């Protein structure tokens, strides 16, 4: 682990503050904790929240600790009131309905179907009021999230601040997936995922270059003010291999700082809730 190269947030042309280099990694097993930690920080600022999860079912049977929406629902204070959860697997939807029943004090909608189509129907353009802080998790496995869905999410709330997006890029196996899927005749699937035919340029890129491409897409095509990628590592490999790059897109000026704090907190649990309240 001494040779592990961790992510150092880069300065932007807008004069954004520099952060200290990250000294320890967030493991893929803890990515749900990272999202929940960030949302806990941010709800102290917003005092309200709507949570959208386009692929909401648990991705692993090993532990509920890896189930993001469950972690968010269990986080205090319970200022997130509205939840929109999507999954096309009947078994996953059943689990989501059980989870919703366990949290009947919240307004939770569970929808069965492909979120690429259904989310646009359930949450049309400008369907969430301007003052409602809204966050959307796009925790796809590889090519499940079509780019048009990202574009639609950016238009759900009117005003100067778009819905924040947490987009997971499957860095660890993307090279193999691009080759295998295109070889099997799945080029249309990849094009829908990327948004156009330029996806072929990704094949010869490094993982960081690909993360930068998606950062640019959220900034230039969707118009987000702040976009950063955050590495999620594989602990199982023992070699610090990056499995995902989480792209965080937001229009809130304080959000990058809170995400940086959440990343550090996820690998260092010494910060107390009283410290959090004092620092926000």
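In our numbering, the protein residues as written are 1299 to 1578. Backbone N, C-alpha and C fix where the C-beta goes; we use that ideal spot for every residue, glycine too. As the structure is a prediction and not an experimental result, all values here were calculated from the model.
| Item | Value |
| --- | --- |
| Reduced DSSP secondary structure (H/G/I, E/B, other) of residue 1525 | strand |
| Spatial neighbours of residue 1358 in its chain, beta-carbon cut-off 7 angstroms, leaving aside the 5 residues before and after | 1364 |
| For residue 1503, the three-state DSSP class (helix, strand or coil) | coil |
| According to DSSP, residues forming a beta bridge with residue 1518 | DSSP lists no partner for residue 1518. |
| Beta-carbon gap between residue 1384 and residue 1409 smaller than 8 angstroms | yes |
| Distance CB(residue 1240)-CB(residue 1443) smaller than 8 angstroms | Nothing in the structure corresponds to residue 1240, since the chain is present only between 1299 and 1578. |
| Cross-strand partners of residue 1540 (DSSP beta bridge) | 1531 |
| Alpha-carbon spacing of residue 1524 relative to residue 1355, whole angstroms | 28 angstroms |
| Separation of residue 1428 from residue 1475, as counted between CA atoms | 38 angstroms |
| Continuous beta strand (DSSP E) stretch holding residue 1421: start and end | Residue 1421 -> no beta strand (DSSP E), and no H or E assigned at all. |
| Alpha carbon of residue 1491 to alpha carbon of residue 1467, nearest angstrom | 11 angstroms |
| Cβ pair residue 1447, residue 1502 closer than 8 angstroms | no |
| Length of the line joining the Cα atoms of residue 1515 and residue 1423 | 20 angstroms |
| Residues bridged to residue 1385 [DSSP beta-bridge criterion] | 1410 |
| CA-to-CA distance, residue 1334 to residue 1449, given in whole angstroms | 24 angstroms |
| Unbroken stretches of the beta strand (DSSP E), 3 residues or longer, contained in the stretch 1325-1352 | 1347-1351 |
| Neighbour-count burial assignment, residue 1536, 16 or more Cβ in a 10 Å radius | With a pLDDT of 47 at residue 1536, under the threshold of 50, the modelled position of this residue cannot be trusted; read the value that follows with caution. When all chains shown are included, residue 1536 counts as exposed. |
| Beta-carbon proximity check, residue 1470 vs residue 1542, cutoff 8 angstroms | yes |
| Of the listed residues 1553, 1547, 1328, 1552, nearest to residue 1452 (C-alpha basis) | 1547 |
| Sub-8 angstroms separation of residue 1348 and residue 1430 beta-carbons | yes |
| Inter-residue Cα distance where the pair is residue 1480 and residue 1404 | 43 angstroms |
| Where residue 1477 falls, given that 16 or more other Cβ within 10 Å makes a residue buried | exposed |
| Proximity below 8 angstroms, CB of residue 1377 to CB of residue 1420 | no |
| Entirely enclosed beta strand (DSSP E) segments - the stretch 1428-1489, minimum 3 residues | 1432-1436, 1462-1467 |
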